[in-house]
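To start, the structure under review is shown below, and the notes come after it.
In UniProt numbering, the protein residues as written are 1 to 309.
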């Protein structure tokens, strides 16, 4: 990638620049950023993050565009907090691991591709993103990442499943951030994610009480849980039947990991991530995933907003 980084760009139109859906999302984001935290939004204005998330998902199937990936991160984090960030930032990490000639936007004449990409990627280092990052909800009705890092664990430690899920999401986010940093350093540019990874490390330390000698009593339960996961992984690896929702989630994760490792240019992880997101989601959320006007359609159907079984 380093050799590509020093080649000047071209004047050819970029892949999505004239795409109507791209133009619409760009306009919505510009509107949001121009309003900022103004009073009309606090008075009840609901921004169209669901529409942006769905549109960006569609656009990312067309092109590996860091602008769209960053919009997708913003939408997913605004709607689903840390779980949404874990999914969306992984997509950006996958994009940045691609050959630079496959990544959009392309450099203009006289510009270097790496510098063009950094113009957009640097938003992840901006005070605006860091503020949203720290205030992202770790779990539904849970504490924020900053609060967790400061020691407010809320109810996360009351359930091993909730705690393990939070640990998994935070670990995935850190891994993706480090992959992005590594990809940019391969372009001979600096991209320091230490402030974000440090915050994640502090949060993770609050969720791993087994490392505290005062709470060694819970270690047997953790070991039993790990043993159960190893048993399930071994059974699935041997072609065993799927017998639970966790089996399905584990299988989807293994499928996505295969494509990331062996076929990094394949779009399958995007589809698999969307399936994972809809597992156990409420009916209205599934409709919002599938249709741009899904929320309105769900209301017309008037189905109780319970979880999809």
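All C-beta atoms in this analysis are idealised placements derived from N, C-alpha and C, irrespective of residue type, glycine included.
Relative to the C-alpha of residue i, which candidate in the options has its C-alpha closest?
i: residue 167; options: 195, 205, 181; result: 205
i: residue 73; options: 86, 245, 101, 62; result: 86
i: residue 82; options: 23, 175, 19, 139; result: 139
i: residue 181; options: 243, 92, 266, 59; result: 92
i: residue 269; options: 160, 122, 252; result: 252
i: residue 29; options: 18, 20, 19, 48; result: 48
i: residue 55; options: 22, 123, 208; result: 22
i: residue 32; options: 128, 122, 116; result: 128
i: residue 156; options: 243, 208, 27, 266; result: 208
For the alpha helix (DSSP H) containing residue i, list its first residue and its last residue.
i: residue 71; result: 66-96
i: residue 163; result: 160-185
i: residue 49; result: 49-60
i: residue 116; result: 113-121
i: residue 107; result: Here residue 107 belongs to no alpha helix (DSSP H), and DSSP marks it neither H nor E.
i: residue 128; result: 127-134
i: residue 269; result: 268-278
i: residue 22; result: 20-35
i: residue 244; result: No alpha helix (DSSP H) holds residue 244; DSSP gives it neither H nor E.
i: residue 154; result: Note, residue 154: premise wrong, no alpha helix (DSSP H); not H, not E.
i: residue 206; result: 194-206
i: residue 139; result: Counting along the chain, residue 139 falls outside any alpha helix (DSSP H), and DSSP gives it neither H nor E.
i: residue 145; result: 145-149
For residue i, collect the residues of the same chain with a Cβ closer than 6 angstroms to its Cβ; drop the 5 residues on either side in sequence, then sort them by chain order.
i: residue 174; result: 197, 200
i: residue 159; result: none
i: residue 202; result: 149
i: residue 90; result: 176
i: residue 102; result: 64
i: residue 39; result: Low per-residue confidence applies at residue 39: pLDDT is 44, beneath 50, and the placement is therefore not dependable, though the value from the model is reported in the following sentence. Closer than 6 angstroms at Cβ, skipping near neighbours: no residue.
i: residue 218; result: With a pLDDT of only 36 at residue 218, under the threshold of 50, the placement of this residue in the model should not be trusted, and no figure is reported.
i: residue 300; result: none
According to the Cβ coordinates, are residue i and residue j closer than 9 angstroms?
i: residue 187; j: residue 100; result: yes
i: residue 125; j: residue 193; result: yes
i: residue 67; j: residue 104; result: yes
i: residue 96; j: residue 171; result: no
i: residue 189; j: residue 114; result: yes
i: residue 132; j: residue 78; result: yes
i: residue 276; j: residue 249; result: yes
i: residue 191; j: residue 118; result: yes
i: residue 134; j: residue 142; result: no
i: residue 279; j: residue 259; result: no
i: residue 34; j: residue 130; result: no
i: residue 245; j: residue 57; result: no
Give me, in chain order, the residues of the same chain whose beta-carbon lies closer than 7 angstroms to that of residue i; leave out the 5 immediate sequence neighbours on both sides.
i: residue 76; result: 53, 84, 85, 87, 88
i: residue 169; result: 82, 83, 86
i: residue 214; result: Confidence at residue 214 is low in this model, with a pLDDT of 40, below 50, so the placement of that residue is unreliable and no value is reported for it.
i: residue 151; result: 206
i: residue 137; result: 81, 82, 144
Excluding sequence positions up to five away, which residues of its chain have a Cβ less than 8 angstroms from the Cβ of residue i?
i: residue 179; result: 93, 96, 97
i: residue 59; result: 16, 19, 21, 22, 25, 65, 68
i: residue 120; result: 66, 67, 70, 105
i: residue 116; result: 9, 105, 106, 107, 108
i: residue 266; result: 259
Below 8 angstroms, is the gap between the Cβ of residue i and the nearest heavy atom of the ligand COA?
i: residue 145; result: Inclusion of the ligand COA in the displayed structure is not the case, the ligand content being empty and no account of it being possible.
Problem - Three-pair Cβ contact test at 8 angstroms for the region 142-154 versus the region 53-68 - result: no
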